[in-house]
Amino acid sequence: MQFPYTRGRRLRYTDAIRSMATETILTPNDFIAPLFIMDGTNGKEEIPSMPGYYRFTLDLLIDEVREIYSLGIKSVLLFVKVADDKKDNEGTEALNSGGLMQRSIRAIKEAVPEICVMTDIALDPFSSYGHDGIVKDGQIVNDETVDVLMKMSVSHAEAGADFVAPSDMMDGRILNIREALEDGGYINTGIMAYSAKYASCFYGPFRDALDSAPGFGDKKTYQMNPANKDEALKEIMLDVDEGADIVMVKPAVAYLDIIKLAKENVLVPVSAYHVSGEYSMIKAAAQKGWLDEESTMMETLTGIKRAGADLIATYFAKDASKLLNK
Ligand code: PBG
């Protein structure tokens, strides 16, 4: 029997050798921890479609953020659940300087000033229609929405946000938000643009978490068609040109090719959002005993990083960091 002198298995022979030959190494530094915040005090509610993930009232959230930072995670991404009676078509509550989002930013920056606070910019949690923009005659109107997103971004920056993260997919919002931040004197407030955000079924559990599902229609006139790749690169390049400091691809697992494409074409950090449905699938299969939760989690996150993600927003941020810190 003849063998080649090159045997791939030599590099897999022991734990030590496998470890030396590892190309992709996850660290807690890679993760952004999304957080769901609700009104009230002393409250922590599990999201039924996201087992093991919670909405917190602001008082309890502070301890959660302290723990997140102590695990080595450098950033949180904030989402608020807004009461129905505060929702309207224009997202008025989004601009309230005493609103839950603005209060949360201030409280976190006061308690854990070192952590990078990122905030979601889009109208859906504030919209009576559950859409990311203002609705007129059944359409989601672009330019009027951008106007509100600019004010919302300045309001978050004023409260102390380090980064705003527009997730709405309106045209021209990055340039206009950048200009609004500069005009307001917030020259160091960054923008993480959800640049290639697809109209995905994987956001379902998130919409349960915030009670933000669209009241009519879907989001296909602004979020991207999952079949498209060139269009993703176009959106990503546009956002970089308009002033995005970080670009994002979302979801992650079904879009690894898009993450790779982004990484190969831009010189800003690329983030990927491992979204709610992607989290819940793993949880559900693990609960049924069909998959091992820890190894599925780590393999998935490693795959996202290997594809080219410099940062990963994931509901597994804490669990994965605890494992990595062992
Ligand atoms: C809001 C927003 C969504 C997510 C992040 N920001 C939902 C949507 O666009 O409908 C989804 C995140 C997730 O599923 O984990 N614009």
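Under this note's numbering, the letters of the sequence shown match residues 442 to 767, in that order. Every residue gets a Cβ at the ideal spot worked out from N, C-alpha and C, and that includes glycine.
Closest by C-alpha distance to alanine 703, when choosing among Thr560, Val688, His715, Tyr714
It is Val688.
State yes or no: is the C-beta of glutamate 719 within less than 8 Å of the C-beta of phenylalanine 647?
No; because the gap between Cβ atoms is not below 8 Å, this pair is not in contact.
Cα-Cα separation, valine 711 to serine 608
Distance between the alpha carbons of valine 711 and serine 608 is about 15 Å.
According to DSSP, which residues form a beta bridge with methionine 689?
Residue pairing for methionine 689: DSSP places it in a beta bridge opposite Tyr635, Ser712.
So which of Val587, Glu676, Ser736, Gly749 has the shortest CA-CA distance to alanine 761?
The shortest C-alpha separation from alanine 761 is found at Ser736.
Which of the three DSSP states is assigned to glutamate 464 in this structure?
DSSP places glutamate 464 in coil when its eight states are reduced to three.
Taking DSSP as the reference, what is the three-state secondary structure of tyrosine 663?
Judged by DSSP in its simplified three-state form, tyrosine 663 adopts coil rather than helix or strand.
Near threonine 468, which residues of its chain fall below 8 Å by C-beta distance, leaving aside the five closest residues on each side in sequence?
Here the set comprises Gly513, Leu765.
Does ligand 3 have even one heavy atom less than 7 Å from the beta-carbon of serine 608?
Questions concerning ligand 3 fall outside what the structure shown contains, since the ligands it does hold are ligand 1.
Where the beta strand (DSSP E) through lysine 763 begins and ends:
Unbroken run through lysine 763 is the alpha helix (DSSP H), 758–766; no beta strand (DSSP E).
Between alanine 650 and lysine 485, what straight-line distance do the alpha-carbon atoms span, to the nearest angstrom?
Cα to Cα, alanine 650 sits roughly 12 Å from lysine 485.
Please go through the stretch 469–552 and give each complete beta strand (DSSP E) segment of 3 or more residues, from N-terminal end onward.
Entirely contained in the stretch 469–552, the beta strand (DSSP E) runs reaching 3 residues are, in chain order, 472–479, 485–488, 491–498, 516–521.
Comparing the CB of valine 576 with every heavy atom of ligand 1, is any distance shorter than 7 Å?
Flag unset: Cβ of valine 576 not near ligand 1.
Indicate whether the contact test is met: 3 or more Cβ pairs, each with one atom in the stretch 691–699 and one in the stretch 737–750, closer than 8 Å.
Yes, since at least three Cβ pairs between the stretch 691–699 and the stretch 737–750 fall closer than 8 Å, the two stretches touch.
What three-state label does DSSP hand aspartate 609 in the structure shown?
Coil.
Contact check, glutamate 555 vs tyrosine 510 under 8 Å by CB: the rounded distance?
The C-beta distance from glutamate 555 to tyrosine 510 rounds to 7 Å, short enough to fall under 8 Å.
Just to confirm, does glycine 718 get its C-beta within under 7 Å of one of the non-hydrogen atoms of ligand 1?
Flag set: Cβ of glycine 718 near ligand 1.
Quick one, which of Val576, Met610, Gly625 has its alpha-carbon nearest tyrosine 597's?
Inspection of the sequence shows that residue 597 is occupied by histidine rather than by tyrosine. Here the closest residue by C-alpha is Gly625.
Between threonine 560 and isoleucine 546, which are expected to be in contact by the criterion C-beta below 8 Å, what is the C-beta distance as a whole number of angstroms?
Going by Cβ atoms, the distance from threonine 560 to isoleucine 546 rounds to 6 Å, so yes, they are a contact pair.
Helix, strand or coil for glutamine 443, going by three-state DSSP, please let me know.
Note: glutamine 443 maps to coil in three-state DSSP.
Which same chain residues end up closer than 7 Å to glycine 571 when comparing Cβ atoms and leaving out the 5 residues on each side of it in sequence?
Same-chain partners within the cutoff: Asp565, Ser653, Ala654, Pro655, Gly656.
Can you check which of these residues, Asn470, Lys638, Asp733, Arg544, is closest to aspartate 480 by C-alpha distance?
Closest option to aspartate 480, Cα to Cα, is Arg544.
Comparing C-alpha positions only, which one of Lys701, Ile677, Ser594 sits nearest to leucine 622?
Ranking the options by Cα distance to leucine 622, first place goes to Ser594.
Pull up the distance between the alpha-carbon of alanine 685 and that of leucine 674, whole angstroms please.
Taking the straight line joining both Cα atoms gives about 14 Å.
Sub-8 Å separation of aspartate 588 and isoleucine 581 beta-carbons
If you check the CB distance, aspartate 588 and isoleucine 581 do not come in under 8 Å.
So, with DSSP's three-state summary, where would you put leucine 752?
Strand, per DSSP.
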